[in-house]
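Heads up, the sequence shown is in the working numbering, so the first residue is 649 and it goes up one at a time.
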Amino acid sequence: MSNEVVTAYFAAFNRGDTEGMLDCLSDDIAHHVNEGAIRTGKDKFRAFCDHMTRCYQENLTDIVVFVNDDGTRAAAEFIVNGTYLATDDGLPEANGQTYRLPAGSFMSLEGGKITRVVTYYNLADWVRQVS
Numbered sequence: 649m650s651n652e653v654v655t656a657y658f659a660a661f662n663r664g665d666t667e668g669m670l671d672c673l674s675d676d677i678a679h680h681v682n683e684g685a686i687r688t689g690k691d692k693f694r695a696f697c698d699h700m701t702r703c704y705q706e707n708l709t710d711i712v713v714f715v716n717d718d719g720t721r722a723a724a725e726f727i728v729n730g731t732y733l734a735t736d737d738g739l740p741e742a743n744g745q746t747y748r749l750p751a752g753s754f755m756s757l758e759g760g761k762i763t764r765v766v767t768y769y770n771l772a773d774w775v776r777q778v779s
């Protein structure tokens with residue numbers, strides 16, 4: 649079940665299906681944003697997704713998922729292929745620039761749900777690509 653929920657989460661991401669992503673998460677999801685604060689709960693995760701949808705169009709490729717033996721932790725490595733749609737606060741001005749960026753996510757799993765998501769990517773590389 650662990651691999652399935654992680655795979656379903658990324659499939660929903662690629663469909664732009666925030667509700668599908670939320671279905672994979674526990675109600676008290678701890679979302680650790682790259683170089684940002686920890687957001688707790690589905691409402692804050694939904695707000696983050698709404699913001700991201702406004703500013704970015706992204707598709708993940710080359711996804712490889714790893715799950716530990718007892719199914720309580722997972723990791724995924726992937727490539728983010730994106731378009732910068734609208735200027736995000738404190739970042740370069742958007743004008744439809746495209747980018748390709750390696751990234752990774754780490755997850756905690758319990759009861760068939762993702763309880764923690766931590767995503768990392770190289771922000772300096774992203775800034776260089778869109779500047």
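Glycine included, each C-beta is placed from N, C-alpha and C at the ideal position. Predicted model only: the values in this text are computed from it and were never measured.
{"Item": "Can you give the Cα-Cα distance for Arg764 and Val712, rounded to whole angstroms?", "Value": "18 Å"}
{"Item": "Measure the C-alpha to C-alpha separation of Glu783 and Ala659 and round it to an integer number of angstroms.", "Value": "Past the edges of the chain, shown from 649 to 779, lies residue 783, and the structure says nothing about it."}
{"Item": "Name the residue from Ala742, Phe726, Thr746 whose alpha carbon lies nearest to the alpha carbon of Phe661.", "Value": "Phe726"}
{"Item": "Do the stretch 767-779 and the stretch 687-695 touch if we need at least three Cβ pairs shorter than 8 Å?", "Value": "no"}
{"Item": "Looking only at its own chain, which residues have a Cβ that is under 7 Å from the Cβ of Asn651, when we skip the five neighbours before and after it?", "Value": "Val713, Val715"}
{"Item": "Is Ala751 helix, strand or coil when you go by DSSP?", "Value": "strand"}
{"Item": "Going by the CB atoms, is the gap between Arg702 and Asn729 shorter than 8 Å?", "Value": "no"}
{"Item": "Could you please give the first and the last residue of the uninterrupted beta strand (DSSP E) stretch that includes Val728?", "Value": "721-732"}
{"Item": "Could you name the residues of the same chain whose beta carbon sits closer than 8 Å to that of Tyr769, not counting the 5 residues immediately before and after it, in chain order?", "Value": "Asn682, Val728, Leu749, Pro750, Ala751, Gly752"}
{"Item": "Is Ser756 helix, strand or coil by DSSP?", "Value": "strand"}
{"Item": "With burial defined as no fewer than 16 other Cβ atoms inside 10 Å of the residue's Cβ, what is the status of Glu706: buried or exposed?", "Value": "buried"}
{"Item": "Who are the Cβ neighbours of Ala648 in its own chain at under 6 Å, not counting the five residues just before and after it?", "Value": "Past the boundaries of the shown model lies residue 648; the chain is included only from 649 to 779, so the question cannot be answered."}
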